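Below is one structure, written out as structure tokens, with a few remarks after it.
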Amino acid sequence: MQSSSELFPVALMSAELRGDLSEDVYRLKPGNSPDGTVELALTRLGLHQQESRRGVPVILLHGSFSNRRFWYSPKGLGLGPYLARAGFDVWIAEMRGHGLSPRNRDYRHNRVADYARYDLPAIAEFVHEQAGQAAHWIGHSLGGIILAAALGGHYLGEERVASAALFGSQISRTYWPLKVPPVEWGGRFLLKRFPALSGPGLKRGPEDEPIGLALETLRWHGLFGRFGEPGRDWWAGLASVTVPVLAVAARADHQDPAWACRKLLEQFGSACREFVCLGKKYGFSDDFGHIEMLVSRPAQTDVWPLAEHWLRHQELPESRQVAQPA
Numbered sequence: 019m020q021s022s023s024e025l026f027p028v029a030l031m032s033a034e035l036r037g038d039l040s041e042d043v044y045r046l047k048p049g050n051s052p053d054g055t056v057e058l059a060l061t062r063l064g065l066h067q068q069e070s071r072r073g074v075p076v077i078l079l080h081g082s083f084s085n086r087r088f089w090y091s092p093k094g095l096g097l098g099p100y101l102a103r104a105g106f107d108v109w110i111a112e113m114r115g116h117g118l119s120p121r122n123r124d125y126r127h128n129r130v131a132d133y134a135r136y137d138l139p140a141i142a143e144f145v146h147e148q149a150g151q152a153a154h155w156i157g158h159s160l161g162g163i164i165l166a167a168a169l170g171g172h173y174l175g176e177e178r179v180a181s182a183a184l185f186g187s188q189i190s191r192t193y194w195p196l197k198v199p200p201v202e203w204g205g206r207f208l209l210k211r212f213p214a215l216s217g218p219g220l221k222r223g224p225e226d227e228p229i230g231l232a233l234e235t236l237r238w239h240g241l242f243g244r245f246g247e248p249g250r251d252w253w254a255g256l257a258s259v260t261v262p263v264l265a266v267a268a269r270a271d272h273q274d275p276a277w278a279c280r281k282l283l284e285q286f287g288s289a290c291r292e293f294v295c296l297g298k299k300y301g302f303s304d305d306f307g308h309i310e311m312l313v314s315r316p317a318q319t320d321v322w323p324l325a326e327h328w329l330r331h332q333e334l335p336e337s338r339q340v341a342q343p344a
């Protein structure tokens with residue numbers, strides 16, 4: 019099969035019409051990481067009546083235990099279709115071993131460091147090749163952390179990032195037991211016995227997560243842990259990032275609290291930084307939760323238009339610029 023890219027092998031796996039939307043599913047094989055079996059699924063959504071006029075590209079990154087369906091339901095609902103219908107060129111990435119991306123040979127060892135160092139740059143280059151301009155990036159939860167790691171590690175060039183929006187993403191919440199070395203060592207010993215954490219088994223979502231990612235998280239939250247990898251401090255690197263950044267927190271999100279989401283935003287060196295907390299106290303219709311902030315009926319009227327406004331203007335509406343975290 020002829021490649022859809024001059025960068026590296028890319029196969030167009032399917033091209034379908036889904037109501038008013040066109041859905042193209044690509045499989046990228048960048049060959050840029052030590053594991054040469056890595057293949058990444060990338061779904062493009064557009065309005066099939068406007069295929070000759072592509073809009074501004076937006077790349078969506080799902081969180082842990084998730085896949086493209088977080089953004090795009092089989093019924094054509096979600097932030098992805100909403101943005102496509104608003105005229106954006108929407109690309110939905112699936113991390114290694116998630117959704118339509120097959121499990122790679124070293125799946126159990128996959129880490130945020132791999133996603134940030136190898137996968138996001140490959141996705142960025144392919145989308146730029148197709149769209150001819152830098153994309154806006156939106157990440158939810160772990161997706162936002164991966165995006166922050168790629169920017170803070172300077173793996174993802176800022177010339178490929180028009181803006182970054184982080185929904186429910188933070189790395190500052192402290193888990194005090196993990197600061198006790200024997201507790202961390204014990205957790206590491208137990209986790210190494212498993213190849214993956216089961217999303218369905220833990221009732222966290224439809225996908226599994228590789229154990230390498232869990233071990234990496236333990237290291238971040240250990241006694242001398244930091245957000246980074248050996249030889250590269252991602253947290254410190256964020257201070258020199260200049261792209262426009264939006265951080266969105268949810269008042270009823272106890273997993274990723276608002277104060278921690280704001281702390282991540284404030285580490286960026288960007289001149290354009292915006293923060294909003296989704297809660298009744300700040301004029302929203304609901305106190306949103308971690309998932310509900312993007313997947314719920316209230317999100318369709320409160321949050322999706324907010325995201326669209328950010329993508330068009332790189333600022334919040336005036337009515338939302340005074341929100342503070344709880």
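With this note's numbering applied, the sequence shown covers 19 to 344.
Built from N, CA and C at the ideal position, the CB exists for glycine as well.
Small disclaimer: the values here were computed from a predicted structure and weren't measured.
- In the structure shown, the three-state DSSP call for G161 is helix.
- In this structure, V76 places its C-beta atom within 9 Å of the C-beta atom of A153.
- Put simply, the stretch 112–128 touches the stretch 42–58. At least three CB pairs are less than 8 Å apart.
- Your pair S23 and Y136 does not check out as a contact, with CB atoms roughly 16 Å apart and the cut at 8 Å.
- Per DSSP, the beta-bridge partners of C295 are A267.
- Judged by DSSP secondary structure, E326 falls outside any beta strand (DSSP E) and instead within the alpha helix (DSSP H) spanning W322 to H331.
- In summary, H158 is buried, with 16 or more beta-carbon neighbours lying within 10 Å of its beta-carbon over all protein chains present.
- When C-alpha distances from R129 are compared across G246, L25 and S190, the shortest belongs to G246.
- Only residues of its own chain outside the window of five on either side were considered, and among them P27, V28 and A29 have a CB closer than 8 Å to the CB of S21, listed in chain order.
- In this structure, L312 lies near L97, with their beta-carbon atoms less than 9 Å apart.
- When DSSP states are grouped into helix, strand and coil, I189 belongs to the coil group.
- Selection R62, N85 and R250 evaluated against Q148 yields R62 as nearest (Cα-Cα).
- As computed with DSSP, Y44 is found in a beta bridge with L30 and L60.
- Counted as a single uninterrupted DSSP element, the stretch harbouring W253 is not any beta strand (DSSP E) but the alpha helix (DSSP H) occupying residues W252 to G255.
- Burial is judged here by how many other beta carbons sit within 10 angstroms of a residue's own beta carbon; H308 has at least 16 and is buried.
- Our two residues, T260 and G170, have alpha carbons roughly 11 Å apart in a direct line.
- Around the beta carbon of C290, fewer than 16 other beta carbons sit within 10 angstroms, so the residue counts as exposed.
- Note that the C-beta distance between L160 and S91 is not below 9 Å.
- Per DSSP, I141 has no beta bridge partner at all.
- Proximity to F144 across I189, P48 and W328 peaks at P48, based on C-alpha coordinates.
- C-alpha of R86 to C-alpha of R178: approximately 22 Å in a straight line.
- Of G186, S190 and F212, the smallest CA-CA separation from F306 is found for G186.
- In the DSSP assignment, A276 falls within the alpha helix (DSSP H) that extends over A276 to Q285.
- Under the three-state reduction of DSSP output, W238 falls in the helix class.
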